[in-house]
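Step one of this worksheet: look at the structure below.
In this note's numbering, the protein residues as written are 66 to 322.
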């Protein structure tokens with residue numbers, strides 16, 4: 066079974082399917098290491114197909130008819146169709162998206178924008194990430210117009226002092242104002258990282274990092290938003306200009322003088 070290379074990626078221990086009935090033996094290798102088998106679907110050649118959540122990544126698995134062998138990855142039919150794609154998409158855009166959004170809400174974020182904004186966006190931000198700063202600048206028209214509230218989930222992953230800088234921002238008496246000054250370059254070169262952050266700040270940053278890994282984000286900025294149909298989407302890296310309106314909505318018109 067070619068499963069070993071996937072096992073370090075497994076994260077969540079919530080075997081929903083296992084509570085309903087016994088899983089084939091090969092799938093237990095997944096659940097015992099923290100994987101979550103979330104649904105089952107019909108597969109060709111008397112096999113059984115399963116959708117699994119591996120540390121935020123939605124993956125399809127296939128068990129042979131004798132339940133002795135496990136295959137991972139896409140399975141294509143004679144026409145090139147991925148037979149498990151629909152089942153994987155149903156989970157990714159349904160239960161997983163809802164779960165991920167609720168998880169993001171429970172993170173320790175710093176608000177940027179009006180409390181009455183119609184649209185809320187979450188983004189993972191590292192203080193040493195130049196693309197995070199660029200996203201901040203690019204989003205000003207929407208935020209300044211009161212149309213969008215961006216919730217920055219601070220993490221420290223890029224450099225040795227990233228965690229200390231994130232702690233310095235989060236432990237400030239007014240984190241929102243400090244983050245604003247930092248992203249506007251006023252503090253970018255002078256902010257001193259905390260060498261010994263308070264225990265509760267360390268705990269908050271650890272939770273933010275765990276959430277980042279759990280929702281499948283692997284770089285900063287990683288931005289989560291609702292598209293026009295209400296589906297939760299993730300944009301990894303700096304959003305290109307054409308995607309900004311999908312993430313933040315129509316560009317606000319400039320006020321007339």
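All C-beta atoms in this analysis are idealised placements derived from N, C-alpha and C, irrespective of residue type, glycine included.
#1: Of the choices 269, 103, 121, 298, whose alpha-carbon is the least far from that of residue 114?
#2: Going straight from the alpha carbon of residue 289 to that of residue 299, what length do you get?
#3: Hey, residue 119 and residue 149: beta-carbon distance below 8 Å or not?
#4: If you run the structure through DSSP and keep just helix, strand and coil, what is residue 214?
#5: Skipping 5 residues on each side, what residues in its chain have a beta carbon closer than 6 Å to that of residue 220?
#6: CB-CB under 7 Å to residue 194, same chain, minus the five flanking residues each way: which ones, in chain order?
#7: Is the segment 226-243 in contact with the segment 201-213, if contact means three or more CB pairs nearer than 8 Å?
#8: What does residue 301 pair with, by DSSP beta-bridge criteria?
#9: In the DSSP assignment, the beta strand (DSSP E) including residue 114 goes from what residue to what residue?
#10: Quick one: residues in its chain with C-beta nearer than 7 Å to the C-beta of residue 291, no 5 flanking neighbours on either side, listed in chain order?
#11: Quick test of the definition: if touching needs 3 or more C-beta pairs under 8 Å, does the segment 117-137 touch the segment 166-181?
#12: Looking at the secondary structure, which residues open and close the beta strand (DSSP E) in which residue 128 lies?
Quick look at the numbers:
#1: Nearest option by C-alpha distance: 103.
#2: Cα-Cα distance, rounded: 5 Å.
#3: The beta carbons of residue 119 and residue 149 sit no closer together than 8 Å.
#4: Residue state, collapsed to three classes: strand.
#5: Correct list, in chain order: 189, 191, 273, 274, 277.
#6: Taking C-beta separations shorter than 7 Å and ignoring five residues to either side along the sequence, the partners of residue 194 in its chain run 223, 285, 286, following chain order.
#7: With the cut-off at 8 Å, the segment 226-243 and the segment 201-213 do not touch.
#8: Partner(s): 287.
#9: Looking at the DSSP string, the run of the beta strand (DSSP E) that includes residue 114 is 113-119.
#10: Answer for residue 291: 297, listed in chain order.
#11: They do not touch, by the three-pair rule.
#12: Run containing residue 128: 122-128, per the beta strand (DSSP E) assignment.
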